[in-house]
Structures are given as C-alpha cells and as structure tokens.
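For the record, in the sequence shown the residue sitting at position 281 is 281 according to our numbering, with numbers rising by one throughout. Heads up, the thing below is written out as structure tokens.
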Amino acid sequence: MNEARPLRGLLGHFVLTLKLNFRSRQAIIYGYVMPVLFLLAFAGLFRGDTPLLKHEMGQLLTITVLGGACFGMPTSIVAERERGLWRRYRILPVPMGGVLVATLLARLVLLATAALLQVCLARLIYGTPLPVDPLQTSVAFLFVAFSFLGLGLLVTSIADDVPSVQALGQCLFLPMIMLGGVGVPLAALPAWAQVVAGFMPGRYAVDVLQRCISNPRGLSREGFSLFALAVIGASAGAVGSRIFRWDAGRRAGRRSLAWVGSALLAWVIVGSVAAATGRLRPVAPGEGDYDSITEEQIAQITYDDLPGDNELATRLAAPFKAADQARMKDFRELLDAWPQGRVEDQGQAVRNLLSVAAVADVTANLREAEIARVVFDLLRSRHESGELKQILAWIILYPDEGSVISHVPELGMRRRPSEAIIRERVALYAKKLLGRLDGKISD
Numbered sequence: 001m002n003e004a005r006p007l008r009g010l011l012g013h014f015v016l017t018l019k020l021n022f023r024s025r026q027a028i029i030y031g032y033v034m035p036v037l038f039l040l041a042f043a044g045l046f047r048g049d050t051p052l053l054k055h056e057m058g059q060l061l062t063i064t065v066l067g068g069a070c071f072g073m074p075t076s077i078v079a080e081r082e083r084g085l086w087r088r089y090r091i092l093p094v095p096m097g098g099v100l101v102a103t104l105l106a107r108l109v110l111l112a113t114a115a116l117l118q119v120c121l122a123r124l125i126y127g128t129p130l131p132v133d134p135l136q137t138s139v140a141f142l143f144v145a146f147s148f149l150g151l152g153l154l155v156t157s158i159a160d161d162v163p164s165v166q167a168l169g170q171c172l173f174l175p176m177i178m179l180g181g182v183g184v185p186l187a188a189l190p191a192w193a194q195v196v197a198g199f200m201p202g203r204y205a206v207d208v209l210q211r212c213i214s215n216p217r218g219l220s221r222e223g224f225s226l227f228a229l230a231v232i233g234a235s236a237g238a239v240g241s242r243i244f245r246w247d248a249g250r251r252a253g254r255r256s257l258a259w260v261g262s263a264l265l266a267w268v269i270v271g272s273v274a275a276a277t278g279r280l281r282p283v284a285p286g287e288g289d290y291d292s293i294t295e296e297q298i299a300q301i302t303y304d305d306l307p308g309d310n311e312l313a314t315r316l317a318a319p320f321k322a323a324d325q326a327r328m329k330d331f332r333e334l335l336d337a338w339p340q341g342r343v344e345d346q347g348q349a350v351r352n353l354l355s356v357a358a359v360a361d362v363t364a365n366l367r368e369a370e371i372a373r374v375v376f377d378l379l380r381s382r383h384e385s386g387e388l389k390q391i392l393a394w395i396i397l398y399p400d401e402g403s404v405i406s407h408v409p410e411l412g413m414r415r416r417p418s419e420a421i422i423r424e425r426v427a428l429y430a431k432k433l434l435g436r437l438d439g440k441i442s443d
C-alpha cells in the first residue's frame with residue numbers, strides 16, 4: 001500500500017500539470033494557437049504544392065514540437081519555480097526525479113495533441129493526405145519530442161527567470177528555423193548552410209517526420225536520423241536533470257555552463273559523423289528523393305521528343321498476348337528474382353530495371369522490344385500508380401541522380417555499353433512509361 005502512494009502521487013501531479021496548462025492562456029497560445037497560425041502561414045507560402053502541404057508537414061510538426069518543448073515547457077516551469085512551487089515539491093513523499101518525469105510526460109501529451117490538431121486541420125481545410133504509416137509517424141514523433149524535450153529541460157535548468165527563457169529559447173529556435181532546414185526547406189538553403197544544418201537536431205526531426213508522412217518507405221532508411229535525435233535528446237536531458245534547480249534563489253554558475261557545453265558537444269559529434277559518412281552532401285533545389293516530386297512537375301513533362309516504339313532507339317513491344325507471355329516467361333521470372341531490381345531504395349530499384357531495358361536496346365538484343373515490355377509490366381505490378389509516376393518523373397527530371405547498370409550478364413546480356421548512353425535511354429524509357437500511365441501516350 002505504501003509503495004502505491006508515490007505512484008498515485010506522481011499520477012496526480014501528471015493530471016494536475018495537464019489541468020493547469022489547459023487553464024493557462026499563455027499555455028494555450030503557445031501550445032495550440034501558434035501551431036494553427038503556422039499551419040495557415042505555410043499554406044499561404046507553399047500554395048503551389050499539390051496536394052497542399054504534403055511535403056511541408058514534417059517542417060510544421062517540427063516547429064510545433066520545438067515551440068512547445070523549448071518555449072512552452074520552460075516558461076511554465078520557470079514561472080512556477082519563481083512562485084516557489086518547485087521548492088515545495090521537494091517536501092512531497094515522492095521521488096523528485098518522478099516529479100520531473102511526470103511533468104515531461106504531461107508536456108508530451110500537449111505536444112501530441114497539438115500535432116494531431118495540425119494534421120486534422122490540414123486534412124479538413126486543405127485536403128492534405130494523412131500520414132502514410134501512422135504507427136511509424138508516431139514512433140518518429142516520439143524521437144523528435146524526446147530530443148526537443150531534453151533541450152527544453154536544459155533551457156529550464158539554466159534560465160534564471162521567464163525573460164531568460166525567451167532569450168535562450170530564441171537561441172535554439174531561430175537558428176533551426178533559418179538555417180536548420182525547419183522553417184526554410186533544406187534544398188532552398190545555400191550549400192554551407194545545409195552543412196551547418198547537419199549539426200542541428202531540426203534537420204533530423206524534419207527528415208524522420210516527413211518521410212513517415214509522405215514516403216511509403218517510412219523509417220526504413222532513417223536509422224542515423226533517429227540515432228542523432230536520441231543522442232542529442234539524451235545528452236541534453238541528462239545534463240538538464242543534473243543541473244536542474246528547484247529553488248529560484250539559486251543561480252546558474254560556471255559549473256552549470258560547463259555542463260551545458262558538454263550537452264552541446266553532442267551536436268558536434270552528430271554533425272561530424274554525418275559529414276564523415278557523406279550525409280551532408282548539399283541538395284539542389286528540386287533535387288532529392290522521388291517523393292518530393294509534385295503533380296505540377298509531372299504535368300510539365302512533355303513527350304514531343306520521344307522516338308517511336310518501332311524505331312531504332314528505345315523499341316517497345318505492344319502489350320503481350322498469351323503467346324508472347326509464354327515466350328517471355330523465363331526472362332520474366334529471371335528478372336523478377338534479379339537482386340538489383342529488389343533493392344531497398346524503390347527509386348533506385350526502378351532505375352535499375354529500366355537499365356535492363358536500356359542495355360537490351362543499346363546492345364541491339366534480338367528481344368529488346370519484348371524485354372522493355374517485360375520491364376514495364378513488372379514495374380506496374382510492383383508499384384502503385386501514384387508512386388510509380390513520382391519515381392519515373394524523378395528519373396526524367398534528374399537523370400544524373402542515382403546510378404545506372406550497364407552490365408547485366410546474369411540476365412544474358414554480356415556487352416557493356418557506356419554509362420552515359422544508358423542514362424539517356426533510361427530517361428527515355430521512363431518517359432514512355434510515364435506517358436502511358438498519364439494517358440498521354442496510347443498503348
């Protein structure tokens with residue numbers, strides 16, 4: 001019975017913290033009004049996106065967590081500390097660390113409800129698609145919240161009063177908004193700023209959230225970003241709890257500032273590892289993964305320069321009849337099992353399969369037209385139409401991205417043409433298939 005009392009006390013503190021936040025006008029403004037205003041502002045700034053806000057929700061949710069964790073929570077705790085509430089908490093018959101954890105969990109609930117509000121309003125007002133994978137999105141959100149709540153606890157621990165919270169919060173908020181890929185899209189930043197962003201948690205927060213919202217692959221390739229958020233959050237949270245002040249009469253001394261320096265060292269470590277592993281390569285405007293391709297970009301692709309299906313280059317057989325399918329069955333099974341066509345990166349997998357058609361075409365394989373048709377049919381069977389359109393448009397618009405395969409002896413084609421001509425033919429074949437998917441080329 002006695003062991004249950006501290007747990008009931010911590011639960012009571014958790015519930016009380018939520019009630020106090022919902023009764024506070026300042027907490028409501030920070031927690032809910034500001035996220036809605038950012039939603040409306042982003043909709044106005046990125047009104048050319050189709051569907052609206054699909055590729056900006058990662059930024060919006062990151063701003064919401066950043067504001068609530070690094071402004072809302074520290075402001076609330078420091079204001080309570082100035083009124084002597086946290087000094088009184090120390091006489092409660094509950095673990096002091098538990099009081100802090102209960103407060104952080106209450107703030108996590110507030111952040112989650114604010115993020116859910118943004119997602120629902122974006123859907124209702126602008127028709128923004130819901131996250132592709134809600135479960136992975138929730139996991140990504142927890143990592144982001146953990147990272148920024150750790151930073152918020154650090155701000156709380158070194159701020160002497162509420163005005164200090166505003167100043168320290170801006171030291172985190174403004175750099176990440178302007179240079180960290182949060183407020184300004186990463187591709188719109190100059191190359192040096194993109195490198196600087198790699199040392200800030202905002203870049204990784206936007207990365208994991210946006211991929212879970214709009215990319216079917218979700219978190220499958222985001223291990224480093226999750227690692228970066230965990231390291232930054234853990235170091236900041238550990239230091240913040242180590243130097244946390246329960247009494248407003250105590251001031252942050254030099255020792256506390258030295259601890260802060262050790263927490264920020266995690267940013268340097270994360271950025272250095274990212275740079276050493278090639279993750280900070282600058283991204284050009286419009287460049288990136290295929291999921292960044294918009295309907296507007298797809299609609300602007302023209303097909304006037306395409307050679308005919310029966311001409312010398314990029315030959316393509318008509319849709320197969322039963323006899324054709326039987327004749328190409330062995331090759332279809334071989335291609336279906338080809339490891340390079342099943343790589344984890346779906347954009348690269350499509351480029352690899354189109355490379356097979358390109359190699360057959362350039363080397364004048366006797367079945368080049370039929371091989372191209374097999375590739376087309378296989379791509380259609382593996383990918384949903386909308387995703388395949390984005391991948392094909394990405395290949396057309398950025399033919400030099402990724403890699404192509406110019407030697408496929410395992411598929412019976414032993415000649416090795418140049419990479420340059422394979423890239424050219426891959427783009428042409430991508431255009432032929434995209435035109436058919438869009439109904440602009442008859443099949």
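Even glycine gets a Cβ: it sits at the ideal position worked out from N, Cα and C. As the structure is a prediction and not an experimental result, all values here were calculated from the model.
Buried or exposed (CB count within 10 angstroms, at least 16 for buried), residue i
{"i": "LYS431", "result": "buried"}
{"i": "ALA159", "result": "buried"}
{"i": "ALA274", "result": "buried"}
{"i": "GLY439", "result": "exposed"}
{"i": "THR23", "result": "Rather than Thr, the amino acid found at residue 23 in this sequence is Arg. By the 10 Å Cβ count, ARG23 comes out exposed."}
{"i": "GLU222", "result": "buried"}
{"i": "TRP86", "result": "buried"}
{"i": "LEU388", "result": "buried"}
{"i": "LYS54", "result": "buried"}
{"i": "PRO74", "result": "buried"}
{"i": "LEU189", "result": "buried"}
{"i": "PRO201", "result": "buried"}
{"i": "GLY386", "result": "exposed"}
Euclidean distance between Cα positions of residue i and residue j
{"i": "MET1", "j": "ILE91", "result": "In this prediction, MET1 has a pLDDT of 41, which is less than 50 and means its spatial position is unreliable; nothing more can be read from the coordinates."}
{"i": "ALA122", "j": "VAL359", "result": "45 Å"}
{"i": "GLU295", "j": "VAL350", "result": "19 Å"}
{"i": "GLU287", "j": "GLU384", "result": "Model confidence at GLU287 stands at a pLDDT of 49, short of 50, so the residue's coordinates are unreliable; what they give is reported in the following sentence. Roughly 22 Å between the two C-alpha positions."}
{"i": "LEU353", "j": "LEU428", "result": "13 Å"}
{"i": "ILE213", "j": "ILE29", "result": "26 Å"}
{"i": "TYR303", "j": "ALA266", "result": "50 Å"}
{"i": "GLN26", "j": "GLY44", "result": "26 Å"}
{"i": "ARG279", "j": "PRO129", "result": "28 Å"}
{"i": "VAL163", "j": "TRP246", "result": "A small correction: the amino acid at residue 163 is Pro; Val does not occupy that position in the sequence shown. Computed Cα separation, rounded: 18 Å."}
{"i": "GLN293", "j": "GLN348", "result": "For the record, residue 293 in the displayed sequence is Ile; it is not Gln. Cα to Cα, ILE293 sits roughly 15 Å from GLN348."}
{"i": "ARG88", "j": "VAL78", "result": "14 Å"}
{"i": "ARG211", "j": "PHE46", "result": "18 Å"}
{"i": "THR113", "j": "GLY233", "result": "21 Å"}
{"i": "ASP309", "j": "ILE396", "result": "18 Å"}
{"i": "PHE148", "j": "TYR398", "result": "35 Å"}
{"i": "ALA140", "j": "CYS120", "result": "18 Å"}
Short Cβ contact (8 Å threshold) for residue i with residue j
{"i": "LEU142", "j": "CYS70", "result": "no"}
{"i": "ARG416", "j": "SER406", "result": "yes"}
{"i": "VAL182", "j": "GLY169", "result": "no"}
{"i": "ALA236", "j": "GLY150", "result": "yes"}
{"i": "ALA369", "j": "ARG327", "result": "no"}
{"i": "VAL99", "j": "HIS13", "result": "yes"}
{"i": "LEU179", "j": "ALA197", "result": "yes"}
{"i": "ALA393", "j": "ILE298", "result": "yes"}
{"i": "VAL374", "j": "LEU433", "result": "no"}
{"i": "PHE199", "j": "VAL260", "result": "no"}
{"i": "ALA372", "j": "ALA313", "result": "no"}
{"i": "VAL362", "j": "ILE422", "result": "yes"}
{"i": "VAL270", "j": "VAL239", "result": "no"}
{"i": "GLY97", "j": "GLY72", "result": "no"}
{"i": "TYR290", "j": "ILE441", "result": "no"}
{"i": "LEU108", "j": "PRO35", "result": "no"}
Rounded Cβ spacing between residue i and residue j (contact assumed at less than 8 Å)
{"i": "LEU110", "j": "THR64", "result": "That pair is no contact at about 10 Å."}
{"i": "THR17", "j": "ALA102", "result": "7 Å"}
{"i": "THR444", "j": "VAL144", "result": "Residue 444 lies beyond the stretch modelled for the chain, which goes from 1 to 443, so this question has no answer here."}
{"i": "LEU20", "j": "PHE42", "result": "With a Cβ gap of about 30 Å, LEU20 and PHE42 do not count as contacting."}
{"i": "SER262", "j": "ILE243", "result": "Their Cβ separation, rounded to whole angstroms, is 11 Å, which puts SER262 and ILE243 out of contact at 8 Å."}
Top-ranked residue by Cα proximity to residue i, from the options
{"i": "GLY412", "options": "GLU56, ALA364, LYS321, SER241", "result": "ALA364"}
{"i": "LEU209", "options": "VAL196, LEU229, PHE199, ASP324", "result": "LEU229"}
{"i": "PHE146", "options": "LEU40, VAL162, PHE227, ILE125", "result": "PHE227"}
{"i": "ILE177", "options": "ALA258, PHE38, LYS321, VAL119", "result": "PHE38"}
{"i": "LEU446", "options": "VAL270, PRO95, ALA41", "result": "What is shown of the chain runs 1 to 443, which leaves residue 446 out entirely."}
{"i": "GLU80", "options": "ARG47, ASP161, VAL15, VAL36", "result": "ASP161"}
{"i": "SER381", "options": "LEU437, PRO35, GLY67", "result": "LEU437"}
{"i": "ARG332", "options": "GLU311, ALA357, VAL343", "result": "ALA357"}
{"i": "ASP443", "options": "ASP377, LEU40, GLN340, GLU419", "result": "ASP377"}
{"i": "GLN136", "options": "THR113, PRO35, TYR398, ASP207", "result": "ASP207"}
{"i": "SER355", "options": "PRO409, ALA276, VAL36, MET57", "result": "PRO409"}
{"i": "GLN166", "options": "PHE148, PHE224, GLY67", "result": "GLY67"}
{"i": "SER241", "options": "SER157, ARG425, LEU105, ALA322", "result": "SER157"}
{"i": "ARG251", "options": "GLU82, ALA322, ASP324, SER272", "result": "GLU82"}
{"i": "PRO51", "options": "TYR204, LYS321, PRO319, LEU124", "result": "LEU124"}
{"i": "LEU11", "options": "LEU105, LEU40, MET57", "result": "LEU105"}
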